[in-house]
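Working notes, beginning with the structure itself.
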Amino acid sequence: MHRFLFIWAWALILVGCASEPERKPYVMPGATDYLVAQLNIRGTDAIDLSELQEGLVTKEDPGWRADVGWIPLIGSERSYFNSVEWERDLQRIETFYKSRGYFNAKVVSKNVLQDNKTKTVRLTIQIEEGEPAKISEINIEGIDRAEIDPADLLSVVTFRPGDRFNESAYGRAKEEISLQVQRKGYAYATTRGRVLVDPVAETVEVNFYVDVGPICTFGDVKIEGLDTVDREFIERALAFEEGQKFNPDLLQETQENIYGLRVFGVVQVATARELEAFSAPGEATQAAKPETSNQRTLGVSDLQNSAFETAKQRQDLEPVVPIVVRLKENKLWTARVGVSAEAEVNRQAVLARFDWSNPNFFGGLRRIEHFNAIGWAWAPTIFDRANDGYILKSDLRFTRPQFLERMTNLKARVQIERDVFEGYNLFTPRFQIGLERPFFKRLTVEILYNFSFNRITNVDRSLALSDEFIEDYVLEYLEQRIRLDFRDNILNPRSGWMLELSFQEAMDYLTLGQSDFVKVSAGGEVYFPYELWVPQVLAFRTRLSTIYNVGRATGIPVPEKLYAGGVDSMRSFGRQQISYYTQAGEALPIGAQSSMEAAIESRLRLSKNALGIGDFWGVLYVDAASVSRGQLFTDTEANETGSVQISELVDTMLYGAGLGFFWLTPIGPIRADFAYTISDLENDIRFRRCPAIIADCTLGSALPVDQDPIQERISGYSFYIGIGHSF
Numbered sequence: 001m002h003r004f005l006f007i008w009a010w011a012l013i014l015v016g017c018a019s020e021p022e023r024k025p026y027v028m029p030g031a032t033d034y035l036v037a038q039l040n041i042r043g044t045d046a047i048d049l050s051e052l053q054e055g056l057v058t059k060e061d062p063g064w065r066a067d068v069g070w071i072p073l074i075g076s077e078r079s080y081f082n083s084v085e086w087e088r089d090l091q092r093i094e095t096f097y098k099s100r101g102y103f104n105a106k107v108v109s110k111n112v113l114q115d116n117k118t119k120t121v122r123l124t125i126q127i128e129e130g131e132p133a134k135i136s137e138i139n140i141e142g143i144d145r146a147e148i149d150p151a152d153l154l155s156v157v158t159f160r161p162g163d164r165f166n167e168s169a170y171g172r173a174k175e176e177i178s179l180q181v182q183r184k185g186y187a188y189a190t191t192r193g194r195v196l197v198d199p200v201a202e203t204v205e206v207n208f209y210v211d212v213g214p215i216c217t218f219g220d221v222k223i224e225g226l227d228t229v230d231r232e233f234i235e236r237a238l239a240f241e242e243g244q245k246f247n248p249d250l251l252q253e254t255q256e257n258i259y260g261l262r263v264f265g266v267v268q269v270a271t272a273r274e275l276e277a278f279s280a281p282g283e284a285t286q287a288a289k290p291e292t293s294n295q296r297t298l299g300v301s302d303l304q305n306s307a308f309e310t311a312k313q314r315q316d317l318e319p320v321v322p323i324v325v326r327l328k329e330n331k332l333w334t335a336r337v338g339v340s341a342e343a344e345v346n347r348q349a350v351l352a353r354f355d356w357s358n359p360n361f362f363g364g365l366r367r368i369e370h371f372n373a374i375g376w377a378w379a380p381t382i383f384d385r386a387n388d389g390y391i392l393k394s395d396l397r398f399t400r401p402q403f404l405e406r407m408t409n410l411k412a413r414v415q416i417e418r419d420v421f422e423g424y425n426l427f428t429p430r431f432q433i434g435l436e437r438p439f440f441k442r443l444t445v446e447i448l449y450n451f452s453f454n455r456i457t458n459v460d461r462s463l464a465l466s467d468e469f470i471e472d473y474v475l476e477y478l479e480q481r482i483r484l485d486f487r488d489n490i491l492n493p494r495s496g497w498m499l500e501l502s503f504q505e506a507m508d509y510l511t512l513g514q515s516d517f518v519k520v521s522a523g524g525e526v527y528f529p530y531e532l533w534v535p536q537v538l539a540f541r542t543r544l545s546t547i548y549n550v551g552r553a554t555g556i557p558v559p560e561k562l563y564a565g566g567v568d569s570m571r572s573f574g575r576q577q578i579s580y581y582t583q584a585g586e587a588l589p590i591g592a593q594s595s596m597e598a599a600i601e602s603r604l605r606l607s608k609n610a611l612g613i614g615d616f617w618g619v620l621y622v623d624a625a626s627v628s629r630g631q632l633f634t635d636t637e638a639n640e641t642g643s644v645q646i647s648e649l650v651d652t653m654l655y656g657a658g659l660g661f662f663w664l665t666p667i668g669p670i671r672a673d674f675a676y677t678i679s680d681l682e683n684d685i686r687f688r689r690c691p692a693i694i695a696d697c698t699l700g701s702a703l704p705v706d707q708d709p710i711q712e713r714i715s716g717y718s719f720y721i722g723i724g725h726s727f
């Protein structure tokens, strides 16, 4: 019997499978097989056309880029015409204008030109923008607490009467007003708004009504989403305590602290009420729509009545606010493989890379990162192989957050590096250990101990005969770094500033160090965004460094001295080319004891979202740099080269100008630069050589320019292609 039922059931399944109709592929309503050959939008005088186009579904076909769609960054998909989305795009255009204060803007004509032979369409839209509506007045009501000044709330509103209305700015204003009140301890404070538009007078009245709610304190904390991370690490990252007066800034600080652990991909820190509303199924947040009315007083009383009704419902809100920390951990193991190339006027290299990391190695938030690169380098060029060879960079980093206390990080680092320079190769195993602690979000302090063994090989004869040369040496030094960073973005800053100060004290701490010196470096960067026809950024950089020889008569090793020139310095010179040079044999840089650098750079956007990948920018810049054998300000007993003042470094500055381009991509700014030296190097004694019989070299006793090996070494121009900015 059971066997019969089984056979019958199996037969039914087979019949059901056989009789199931064949599924047809889903076709989007309005879809066609016609490519969009051209999309021409006319009449956009007052707005950014590229910004408008970004919000449209209908886009021009990328052409050849669709044929190489498999290539990252460059490849793209075909763009086919869809009649339904085309009609919706016409509505999107008018909505776009209304959100920017052009309430009378409209699409006055549209044209679809269809070519059946090429299977393409050419689209044309004509827009009549009209005049923008100006804000006539701004009102804030509902404040019934003495400690809250309406004038303070208005100060966070970025627009004023007479400005063009902008829906995004209006939405941000509501959020900022609520935050300003919440900072007073009113956790449930909300701001509603109503915009009254007079289309005839082309004016806008903006009204805000603030529902303050009760004053609150922080309650208990619920932590969700932990898997491999212990709860205690999250508790230490909390910037507030239970019973403390509520402040949303402390929630933001807590979120940043937890992100700083670098273990979580998603971090949400909010009141339980906020997360409840955010997660509730079926609920949607709808942006307030501007109301049009010829009677400008309508609507305000309705807004107040609605707010009063809501306030009644909020009277039972608890003054003790529970907090929820919602987390999602990152993958434990990540790996990356890639290739890269570096090209400068006096060094080229190709590299293969392999990196891996684990953010919670054996628990306890022990982060391990291992960066590896191996390749080949040529110095000065691939055609003039005065020195070439393999290069190796292996960098193993260990970080233990919340070491001793919640804000201090323990850092350790082991490096093995082999690099190729003009005149020698350098092999360096290096060890570093220390502490890092941020203060006040923007200030970071580091204290480090460094140990390295440095072996110099393949030494050019002219360098080996130099008084400056030390073949193999062990270096120990303590290092302190202080950084105050207000930049908006580390990889591509557009506003803000940064100051950095570092000290290195080299001596024999473990009876191993063979050099005694103190290296001091101070630098800063400033970025000013502005708009003159197109978005632009004016960037400045300066850096001042010196080395004081303070101990044994071992001198300062050539690799530890100061140099200028290269992509992160003066760009019209190759790497380390601004230096003093050997005075016999091959002209090789041997460094200096003081250096000063400065740069000013103007960046302007040439194309927005080029090839659908990122903005394309042009750059004009002027660099300056100077070096000296002397120590800055003062001499020391162990030093034999005297001292130098800042005014002397300024007087001997070298100048160069350059042109560059960079393209913002997901892997960072891809940049190309070309720079030319303006200064006269033939009359600079630092770049001249005298016959060996002359002890005190002057320009009058120097070798002729066409016989001077230093002059032959320096080309007067340089180029760079790579990823990242100079600063």
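Per full-length UniProt numbering, the very first residue in the sequence shown carries number 1; after that it's consecutive. For each residue, glycine too, the CB sits at the ideal point set by N, CA and C. For clarity, every value in this text was computed on a predicted model and none was experimentally measured.
Fill in: Whole-angstrom C-beta distance between Lys106 and Glu128, which should lie under 8 angstroms
The Cβ separation is near 6 angstroms, so the contact holds.
Discussion item. I'd like the list of long-range same chain contacts for Gly614, defined as Cβ closer than 8 angstroms, with 5 residues on each side in sequence excluded.
Written reply: Sequence-distant partners of Gly614 (beyond 5 residues in either direction) whose C-beta falls short of 8 angstroms from its own C-beta, in its chain, are Trp663, Leu664, Thr665, Pro666.
Worksheet item: Taking the beta strand (DSSP E) that Val197 falls in, what are its first and last residues?
Response: Its beta strand (DSSP E) spans residues 190-198.
Discussion item. DSSP has Ser109 in a bridge; who is on the other side?
Written reply: Within the DSSP secondary-structure output, Ser109 pairs in a beta bridge with Gln126.
Worksheet item: Roughly how many angstroms lie between the CA atoms of Arg571 and Val622, to the nearest whole one?
Response: One C-alpha to the other measures close to 9 angstroms.
Practice prompt. To the nearest angstrom, report how far apart Leu261 and Ile447 are at their CA atoms.
Written response: The straight-line gap from Cα to Cα measures roughly 20 angstroms.
Item to complete: Throw me the rounded Cβ distance for the Lys328 and Phe264 pair, which I believe falls under 8 angstroms.
Response: About 6 angstroms separates the CB atoms of Lys328 and Phe264; that is less than 8 angstroms, so the two are in contact.
Item to complete: Tell me where the beta strand (DSSP E) around Phe427 begins and ends.
Response: Run containing Phe427: 424-439, per the beta strand (DSSP E) assignment.
Discussion item. Just to confirm the assignment, what range does the alpha helix (DSSP H) spanning Pro248 have?
Written reply: Unbroken alpha helix (DSSP H) run through Pro248: 248-260.
Practice prompt. Using the Cα positions of Ile93 and Leu52, report the straight-line distance between them to the nearest angstrom.
Written response: Ile93 and Leu52 have their C-alpha atoms spaced approximately 7 angstroms apart.
Worksheet item: How many angstroms separate the CA atom of Glu147 from the CA atom of Val212?
Response: Approximately 12 angstroms, taken between the alpha carbons.
Worksheet entry | C-beta contact flag for Gln514 and Glu479 at 8 angstroms | For the pair Gln514 and Glu479, the CB atoms are not nearer than the 8 angstroms cut-off.
Worksheet entry | When Arg671, Glu422, Asp696 are compared against Glu342, the one with the closest alpha-carbon | Check the Cα spacing between Glu342 and each of Arg671, Glu422, Asp696: the tightest is with Arg671.
Worksheet entry | Run of the alpha helix (DSSP H) containing Leu90, from where it starts to where it stops | For Leu90, the enclosing alpha helix (DSSP H) has its first and last residue at 83-98.
Item to complete: Please look up how many angstroms separate the CB atoms of Asp460 and Val420, rounded, as I've assumed it's under 8 angstroms.
Response: Rounded, the Cβ-Cβ distance is 12 angstroms, inconsistent with contact.
Worksheet item: Candidates Arg481, Glu176, Ala352: which alpha carbon is nearest Asn372's?
Response: Ranking Arg481, Glu176, Ala352 by Cα distance to Asn372 puts Ala352 first.
Item to complete: Please report the residue range of the beta strand (DSSP E) in which Ser340 lies.
Response: Residues 334-344.
Discussion item. Cutting at 6 angstroms between CB atoms, please list the residues of its own chain near Glu586, excluding the five before and the five after it.
Written reply: Closer than 6 angstroms at the Cβ level, and outside the excluded window around Glu586, lie Asp460, Ser462.
Worksheet item: Where does the unbroken alpha helix (DSSP H) through Gly171 begin, and where does it stop?
Response: Where Gly171 is concerned, the enclosing alpha helix (DSSP H) stretches over 167-182.
Fill in: Limits of the beta strand (DSSP E) - the one that Gln711 falls within
Unbroken run through Gln711 is the alpha helix (DSSP H), 709-713; no beta strand (DSSP E).
Worksheet item: What separation, rounded to the nearest whole angstrom, lies between the Cα atoms of Phe453 and Trp356?
Response: Taking the straight line from one Cα to the other gives about 26 angstroms.
Worksheet entry | Cβ neighbour criterion (16 or more within 10 Å) applied to Asn458 | Around the beta carbon of Asn458, fewer than 16 other beta carbons sit within 10 angstroms, so the residue counts as exposed.
Worksheet entry | Other residues of its chain near Gly724: CB distance less than 8 angstroms, five sequence neighbours each side excluded | Only Leu491, Gly668, Pro669, Arg671 meet the Cβ criterion.
Practice prompt. Work out the CA separation of Arg543 and Phe661 for me, nearest whole Å.
Written response: So the alpha carbons of these two residues sit roughly 24 angstroms apart.
Discussion item. Can you tell me whether Tyr390 is buried or exposed? The criterion is at least 16 other CB atoms within 10 Å of its CB, across all chains shown.
Written reply: Classification for Tyr390: exposed.
Worksheet item: How many Å lie between Arg366 and Val267 at the Cα?
Response: About 19 angstroms.
Worksheet item: Excluding five sequence neighbours on each side, which residues of the same chain lie with their C-beta closer than 6 angstroms to the C-beta of Leu14?
Response: Because Leu14 carries a pLDDT of 40, less than 50, the predicted location of this residue cannot be relied on, and no value is offered for it.
Worksheet item: Identify the residues that DSSP records as bridge partners of Tyr530: which are they?
Response: In the DSSP assignment, the residues bridged to Tyr530 are Gln536.
Fill in: Leu478, enclosing beta strand (DSSP E) - first and last residue
Start and end: 472-485.
Item to complete: Helix, strand or coil for Phe616, going by three-state DSSP, please let me know.
Response: In this structure, Phe616 counts as strand in the three-state DSSP scheme.
Worksheet item: From the DSSP output, which residues share a beta bridge with Asn40?
Response: Asn40 pairs with Thr124.
Discussion item. If distances are taken between C-alpha atoms only, which option among Val320, Ser545, Trp533 comes closest to Gln244?
Written reply: For the options Val320, Ser545, Trp533, the alpha carbon positioned closest to that of Gln244 is the one of Val320.
Worksheet entry | 8 angstroms Cβ cutoff met for Ile590 and Ser715 | At the C-beta level, Ile590 and Ser715 stay beyond 8 angstroms of one another.
Worksheet item: Near Ser19, what residues of its chain come up, given a Cβ to Cβ distance below 8 angstroms and the 5 sequence neighbours on each side ignored?
Response: Residue placement at Ser19 is flagged as unreliable, the pLDDT there being 48, under the threshold of 50; the coordinate-derived value follows with that caveat. Correct list: empty, nothing qualifies.
Fill in: Coarse secondary structure for Gln576, derived from DSSP in three states
Here Gln576 sits in coil by DSSP.
Worksheet item: Per DSSP, what kind of secondary structure is Phe662 in: helix, strand or coil?
Response: The answer is strand: DSSP assigns Phe662 an E or B state.
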